[in-house]
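Trainee: Take a look at this one; I'll ask things after.
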Amino acid sequence: MTSRDVYRYQGLSSPRSIRLMVLHQNANLTSAQGLTCDLIEASSDAPPSYFALSYTWGGELPSEPLIIQIPCTDKPSAGFTDTGGAGATRLLITPNCAMALRLLQRSMKRRFKTRRHISVWVDAICIDQSNTEERSIQVAMVAEIYDRAKRVIVWLGENYAPKSWNSLAVSKPLSMFPRIEYDHNHGQRLKRCTAKMALKVCNETTLHRLRLAPYWTRVWALQEFGHKTAAILCCDSHLLLFADLAHLLAVASKDETMPTQQGLDLHVDLYEWQGTTDRPFRAATNQLRRVLSMKASELRDKIYALRALSPGVLSKMRINYQQPIGKVFHEATRLMVEEEGSLRVLYFANRAKTTVGVPWDKLPSWTVDFATEDAEMRGSHKYYYKSLCAASGGSKPIFEFSRDGKSIHLRGVHVGRVTGLVSDIFPASSKCMKGTGYVLDNKIKDEMEGEPEQTFQHDCQSRYLDILGNF
């Protein structure tokens, strides 16, 4: 492919404009050469009907050509504006994206026999990734783009997507139930009981492979996935509504050793939450332990991808991909403290700061490394995180930031030093066995109806272990 064949993006006419790709039907659906589209501009305030694709880049390099026809061979629909010049050019896309688009072509040919094209929004195609300024503007609208889509199409990847709709068809009747409510009533127990029965007869291999998809670990997928009509694209080009699967995944046995488990649980919780309440999910605060385990190719996206899910906190951050990563993390930590009126987020600041290239010695020690590779559970263990272990108990902390935002000033009373067991609500003893701490606490059994022996992962050499031992 010569430089003359490479597609060159034209600037959008306004900050509220977006691009859409008009994907054409093609008789040759097995070849990468069969992917042909127009790239057009539309207003995000009054967009035409379109689908939004949610997938992972997966570390793949763009290597498959997408042919972009300019000008359009068919007259664009109302509200569209051509964003290119004359001639046919090519844009390289990842193999994972190319496969998803081919399956959409097949689905379109089967479902829309009278239509020759459909409009799709794909981030890697509809945003000029080489233009930092445009990317910052467009990323700020991503949640809105997915929310206004006719349907969000989720592609898990060839190795993880169901081979056919039939393999999980047993989950279909579950979609007739309303979404599981967060209050524990008889309706919820009935839904869960029905889901457990369906779980016994579904294709276990397909469900297990689906749960292992790296898609669940990507932080961007969170705000893309919460759409009420989100559907998983199967390898046979059929669509499986996530409403059919949500109940199954909610009652499936948990495997905390599975790297995708926390992310999968978070996606299911988000989907159920958005269907049962108007209150924001607040993933940046209430779900921070899970969010820290999720991945992003661009480290700033560990924050930017959560803006729509924490509208009262992170939405106040201006997206700027030229801003240093450390400054983004510092500002996010400060906003979480200020807007929530709570110091809970600071429990996560004691995780090892492993993000390379960030001058941690020049940042406040209370800055959370949202991209840390430290998986140790210190700082997020229930005995640290719950108010029963906070120095102020359940009272609201009194604090203020310095003018430069680098220091936190707290108000409190020095009452002495802890030299032993302070009360019977703390664990009586703990022991360490092969990197796992076992906390023995009969109090938990009474309150949580669980086993009195609770576990948490840790590093045996951690300087925090002796603190837990005192409890």
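Take the sequence shown: its position 270, counted from the start at 1, is 270 in the UniProt record's numbering, and no numbers get skipped. By construction, the Cβ of each residue, glycine as well, lies at the ideal position given by its N, Cα and C atoms. Quick caveat: nothing in here was measured; it's all calculated off a predicted structure.
How about residue 337 and residue 300: do their beta carbons lie closer than 8 Å?
Mentor: No, these two residues do not count as a Cβ contact at 8 Å.
Trainee: Go ahead and pull the three-state DSSP assignment for residue 315.
Mentor: Correct three-state label for residue 315: helix.
Trainee: Would you check if there are 3 or more beta carbon pairs closer than 8 Å linking the stretch 244-260 to the stretch 331-345?
Mentor: Flag = no, the stretch 244-260 and the stretch 331-345 do not touch.
Trainee: With a CB to CB cut of under 7 Å and the five nearest residues on each side skipped, what residues in its chain are close to residue 345?
Mentor: If we look at residue 345 and ignore the five residues flanking it on each side, its Cβ neighbours are 285, 288, 333, 336, 337, 368.
Trainee: Are the stretch 202-214 and the stretch 128-136 touching by the rule of at least three beta carbon pairs closer than 8 Å?
Mentor: Judged by Cβ distances under 8 Å, the stretch 202-214 makes no contact with the stretch 128-136, as fewer than three pairs qualify.
Trainee: Can you tell me the Cβ-Cβ gap for residue 37 and residue 61, rounded? I've got them flagged as a contact below 8 Å.
Mentor: About 21 Å separates the two Cβ atoms, so there is no contact after all.
Trainee: Give the straight-line distance between the Cα atoms of residue 13 and residue 100, rounded to the nearest whole angstrom.
Mentor: If I take the Cα positions, the gap works out to 29 Å.
Trainee: Less than 8 Å between the CB atoms is what I'm expecting for residue 90 and residue 68, so what's the real figure, rounded?
Mentor: That belief holds up - the Cβ atoms of residue 90 and residue 68 are roughly 7 Å apart, short of 8 Å.
Trainee: Terminal residues of the continuous beta strand (DSSP E) containing residue 399?
Mentor: That run of the beta strand (DSSP E) goes 399-401.
Trainee: To test your reading of the DSSP string, which unbroken alpha helix (DSSP H) runs of 4 or more residues are found completely within the stretch 212-253?
Mentor: Entirely contained in the stretch 212-253, the alpha helix (DSSP H) runs reaching 4 residues are, in chain order, 220-225, 242-251.
Trainee: For residue 329, which three-state DSSP category applies?
Mentor: Three-state DSSP puts residue 329 in a helix.
Trainee: Using the rule of at least 16 other Cβ atoms within 10 Å of the residue's Cβ for burial, across every protein chain shown, is residue 18 buried or exposed?
Mentor: By the neighbour-count rule (16 or more Cβ atoms within 10 Å), residue 18 is buried.
Trainee: Quick check on residue 181: does DSSP put it in helix, strand or coil?
Mentor: For residue 181, the pLDDT reaches just 48, beneath the cut-off of 50, and the residue's location in the model is therefore unreliable, although a value from the coordinates is still provided. Residue 181: coil per DSSP, three-state reduction.
Trainee: Is the stretch 302-311 in contact with the stretch 252-266, if contact means three or more CB pairs nearer than 8 Å?
Mentor: Touching, no.
Trainee: Enumerated in chain order, which unbroken segments of the alpha helix (DSSP H) with a length of 4 residues or greater are wholly contained in the stretch 103-161?
Mentor: Qualifying alpha helix (DSSP H) stretches, in chain order: 123-126, 132-139, 142-147.
Trainee: How about residue 206 and residue 168: are their beta carbons less than 8 Å apart?
Mentor: Closer than 8 Å, so yes.
Trainee: For residue 89, which residues does DSSP report across the bridge?
Mentor: Answer is 68.
Trainee: Between the alpha carbons of residue 374 and residue 43, how many angstroms are there, rounded?
Mentor: Computed Cα separation, rounded: 42 Å.
Trainee: Taking the beta strand (DSSP E) that residue 291 falls in, what are its first and last residues?
Mentor: No beta strand (DSSP E) holds residue 291; the alpha helix (DSSP H) holding it covers 288-292.
Trainee: From the beta carbon of residue 6, is the nearest beta carbon of chain D less than 8 Å away?
Mentor: No chain D is present in this structure, which holds just one protein chain.
Trainee: Using only the alpha-carbon positions, how far apart do residue 414 and residue 348 sit?
Mentor: Approximately 24 Å, taken between the alpha carbons.
Trainee: Could you spell out where the beta strand (DSSP E) holding residue 38 opens and where it closes?
Mentor: Residue 38 -> beta strand (DSSP E) spans 36-43.
Trainee: Please report the distance separating the alpha-carbon of residue 120 from that of residue 149.
Mentor: The straight-line gap from Cα to Cα measures roughly 9 Å.
Trainee: With a threshold of 16 other CB atoms inside 10 Å of the CB of residue 123, please say whether the residue is buried or exposed.
Mentor: Classification for residue 123: buried.
Trainee: With distance defined between alpha-carbon atoms, name the residue in 15, 41, 118, 52 nearest to residue 24.
Mentor: When each option's Cα is compared against that of residue 24, the closest is 118.
Trainee: When burial is assigned at 16 or more other CB atoms within 10 Å of the CB, is residue 115 buried or exposed?
Mentor: Residue 115 comes out exposed.
Trainee: Select from 223, 162, 46, 8 the residue whose C-alpha is nearest the C-alpha of residue 204.
Mentor: For residue 204, the nearest C-alpha among the options comes from 162.
Trainee: Kindly examine the ligand MN and report whether one of its heavy atoms sits closer than 7 Å to the Cβ of residue 370.
Mentor: With respect to the ligand MN, the structure shown offers nothing to examine, as it has no ligands at all.
Trainee: Whole-angstrom Cβ separation of residue 143 and residue 261, contact assumed at under 8 Å?
Mentor: At roughly 25 Å, the Cβ-Cβ gap does not stay under 8 Å, so residue 143 and residue 261 are not in contact.
Trainee: Check each candidate in 50, 257, 20, 15 and name the one with the smallest Cα separation from residue 141.
Mentor: Selected option, being the one with the closest Cα: 15.
Trainee: Would DSSP call residue 302 helix, strand or coil?
Mentor: Helix.
Trainee: Closer than 8 Å by C-beta to residue 325: which residues in its own chain qualify, once you throw out the five before and the five after it? Chain order, please.
Mentor: The answer, listed in chain order, is 299, 300, 355, 357, 358, 371.
Trainee: Whole angstroms are fine: how far does the CA of residue 406 sit from the CA of residue 132?
Mentor: Rounded to the nearest angstrom, the two C-alpha atoms are 28 Å apart.
Trainee: Taking only the alpha-carbon atoms, compute the straight-line gap between residue 237 and residue 270 and give it to the nearest angstrom.
Mentor: In a straight line, the C-alpha of residue 237 is about 26 Å away from that of residue 270.
Trainee: Going by DSSP in three states, residue 49 sits in which element: helix, strand or coil?
Mentor: Note: residue 49 maps to coil in three-state DSSP.
Trainee: So the candidates are 160, 51, 5; which of them puts its Cα closest to the Cα of residue 21?
Mentor: Minimum Cα distance to residue 21 is reached at 51.
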